[in-house]
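Sequential numbering from 1 applies to the sequence shown in the UniProt record's numbering.
For reference, the structure discussed in these notes is given below.
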Amino acid sequence: MTNRHLQDLLDQARDLQPVTSQRRRDFLRLCAAAGIAPTLLSLGAKDALASNPKEIVLSAWGGEARSAFRSAYMDPFTKASGIKMGYDSSPEDGKIKAMVENRNVIWDVMDLDGFAAIKLGKQGFLRPIDYSVVGRNALPGLASDFGVPSYLLSYVLVYDARKFGANPPKNWADFWNVGKFPGKRGLWKWMGGALEAALMADGVDKDKVYPIDVPRALKKLKELRSNVLLWDSGADSLQLLRNGEVSMACIWHTRANVIQRERNGRFRYTWEQGLASCDVWGVPKNNPSGDAVWQFIKFVQGVEPQVRLLSLLGNGPVTPAATAAVPQALRADNPGTPENWAKQCKVNPEWWAQHYEATLAQYTDLMSS
1 MTNRHLQDLL DQARDLQPVT SQRRRDFLRL CAAAGIAPTL LSLGAKDALA
51 SNPKEIVLSA WGGEARSAFR SAYMDPFTKA SGIKMGYDSS PEDGKIKAMV
101 ENRNVIWDVM DLDGFAAIKL GKQGFLRPID YSVVGRNALP GLASDFGVPS
151 YLLSYVLVYD ARKFGANPPK NWADFWNVGK FPGKRGLWKW MGGALEAALM
201 ADGVDKDKVY PIDVPRALKK LKELRSNVLL WDSGADSLQL LRNGEVSMAC
251 IWHTRANVIQ RERNGRFRYT WEQGLASCDV WGVPKNNPSG DAVWQFIKFV
301 QGVEPQVRLL SLLGNGPVTP AATAAVPQAL RADNPGTPEN WAKQCKVNPE
351 WWAQHYEATL AQYTDLMSS
């Protein structure tokens, strides 16, 4: 079948979508002739179908994300489109650069930090997002030229309620106040949330944290350094709390949810001055599936996939429509629920795209001294 013939079948089928019973039969006949799933037309898959991709390969970070992405995103998309989904792990910057430079790209879409997508895109390793297909449906300020918001993730203050009783810590100033709230503190080895928390502890308003005053933040961190234990992974952050090695920690909200549930309220967390960020979908240059990848990204921004991922992983929806559809039982644990969102500092990926490496080096030097 020629591409022109296929395109003609698709155009006819699309025209028949508002169907009577007879038109529905004609619509299904044309879809069958074209060899495509009828539901894919509702995704606006004109260009994607013409290229007839056999598979779209997603690269993310493994662990629980793999099964959750498959359940919330990949299997439903395959059912709707007929396009198979593959999975690979660890979309590290170096791997992406090597693939593109060596013209050996095997991934189509990657789960990236927002700042990493901006940086890689400006360096020429990512395709600009085709927002004519994907749409700018995410919460304001989250999308970039090279990254489509995928899910929300926050750093929050979690504490051992058994130790503090009726007078728990409420913000980062309390986190720094070891005299009033005794015990060690947990911070991430790779810096996430630490500098912003330090500035808020030093009196900076959550909405005025950026641009980050790095010397001021490091000076504040130095005050706390002797009381800090660094965690390297999400599991590690919880182990420090469970073992009583720290009385408070700055950790991912998804892990805070886990430990709050499993210990029947012994550990609690607050959204106050949380650090709200989002991961994004990035597309490498010369990705194998071509423009079909935009249909996958458009699909997973839908309400059902977004809410499904929240129920499985705890990562928040990025669109207002999906946020509004979150069941009441999940609203308290969703970083994007309006009342939770309003309490948090919004991480600025543009700033981090310019300053991450140099700032991380200074943070690492300080925390290892």
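Each residue gets a CB set at the ideal place from its N, CA and C atoms; glycine is no exception.
Considering only their Cβ atoms, is the gap separating residue j from residue i smaller than 9 Å?
{"i": "K206", "j": "Q328", "result": "no"}
{"i": "L195", "j": "Y87", "result": "no"}
{"i": "L238", "j": "M367", "result": "no"}
{"i": "F69", "j": "L309", "result": "yes"}
{"i": "W176", "j": "L224", "result": "yes"}
{"i": "A173", "j": "R268", "result": "no"}
{"i": "G282", "j": "A60", "result": "no"}
{"i": "P211", "j": "N348", "result": "yes"}
{"i": "I129", "j": "D145", "result": "yes"}
{"i": "L120", "j": "G193", "result": "no"}
{"i": "T337", "j": "T323", "result": "yes"}
{"i": "C250", "j": "V158", "result": "yes"}
Classify residue i as helix, strand or coil using the three-state DSSP reduction.
{"i": "F267", "result": "strand"}
{"i": "R185", "result": "strand"}
{"i": "R4", "result": "Confidence at R4 is low in this model, with a pLDDT of 31, below 50, so the placement of that residue should be treated as unreliable; the coordinate-derived value is given next. In the structure shown, R4 sits in a helix (DSSP, three-state: H, G or I)."}
{"i": "Q273", "result": "strand"}
{"i": "G94", "result": "helix"}
{"i": "L126", "result": "strand"}
{"i": "I259", "result": "helix"}
{"i": "L139", "result": "coil"}
{"i": "P284", "result": "strand"}
{"i": "S71", "result": "helix"}
{"i": "C31", "result": "Because the pLDDT of C31 is 49, which lies under 50, any placement of that residue in the model is unreliable, and the number read from its coordinates should be weighed accordingly. The answer is helix: DSSP assigns C31 an H, G or I state."}
{"i": "V57", "result": "strand"}
{"i": "I251", "result": "strand"}
{"i": "W172", "result": "helix"}
{"i": "residue 386", "result": "Nothing can be reported for residue 386: it is not among the residues displayed for the chain, which extend from 1 to 369."}
{"i": "W190", "result": "coil"}
{"i": "Y356", "result": "helix"}
{"i": "S144", "result": "strand"}
{"i": "P335", "result": "coil"}
{"i": "Y131", "result": "helix"}
{"i": "D207", "result": "helix"}
Quick one: is residue i near chain D, going by C-beta distance under 9 Å?
{"i": "D279", "result": "No chain D appears in the structure shown, which is made up of a single protein chain."}
Taking the alpha-carbon positions, what's the residue i to residue j distance?
{"i": "L58", "j": "N243", "result": "36 Å"}
{"i": "W341", "j": "Q306", "result": "17 Å"}
{"i": "S154", "j": "D333", "result": "11 Å"}
{"i": "S271", "j": "L330", "result": "One detail in the question is off: residue 271 reads as Trp in this sequence, not Ser. Straight-line Cα distance between these residues: approximately 15 Å."}
{"i": "S90", "j": "A166", "result": "43 Å"}
{"i": "N315", "j": "V258", "result": "12 Å"}
{"i": "A143", "j": "P149", "result": "6 Å"}
{"i": "I56", "j": "G203", "result": "47 Å"}
{"i": "A235", "j": "W252", "result": "11 Å"}
{"i": "P335", "j": "L152", "result": "7 Å"}
{"i": "W352", "j": "K180", "result": "33 Å"}
{"i": "D213", "j": "K219", "result": "10 Å"}
{"i": "L313", "j": "A256", "result": "12 Å"}
{"i": "G114", "j": "E245", "result": "32 Å"}
{"i": "G147", "j": "G183", "result": "40 Å"}
{"i": "D365", "j": "A358", "result": "11 Å"}
{"i": "M74", "j": "V178", "result": "46 Å"}
{"i": "R66", "j": "A72", "result": "10 Å"}
{"i": "N227", "j": "R266", "result": "22 Å"}
{"i": "K84", "j": "W107", "result": "13 Å"}
{"i": "Y356", "j": "L126", "result": "19 Å"}
{"i": "P317", "j": "K346", "result": "15 Å"}
{"i": "K122", "j": "P53", "result": "27 Å"}
{"i": "G124", "j": "V293", "result": "18 Å"}
{"i": "M99", "j": "D291", "result": "18 Å"}
{"i": "A217", "j": "P169", "result": "20 Å"}
{"i": "E339", "j": "N104", "result": "45 Å"}
{"i": "residue 408", "j": "E101", "result": "Because the chain in this structure spans residues 1 to 369, residue 408 falls outside the shown range and cannot be described."}
{"i": "F77", "j": "S369", "result": "49 Å"}
Is residue i buried or exposed, if buried means 16 or more other CB atoms sit within 10 Å of its CB?
{"i": "K298", "result": "buried"}
{"i": "A197", "result": "buried"}
{"i": "D232", "result": "exposed"}
{"i": "Q295", "result": "buried"}
{"i": "Q273", "result": "buried"}
{"i": "L30", "result": "Since pLDDT at L30 reaches only 47, below the 50 mark, its modelled position is unreliable, and the value read off the structure follows with that caveat. By the neighbour-count rule (16 or more Cβ atoms within 10 Å), L30 is buried."}
{"i": "Y131", "result": "exposed"}
{"i": "S277", "result": "buried"}
{"i": "D279", "result": "buried"}
{"i": "G94", "result": "exposed"}
Three CB pairs or more closer than 8 Å across the segment 255-262 and the segment 136-147: no
Any 3 or more C-beta pairs closer than 8 Å across the segment 287-296 and the segment 180-200: Contact between the segment 287-296 and the segment 180-200 is absent, because fewer than three Cβ pairs lie under 8 Å.
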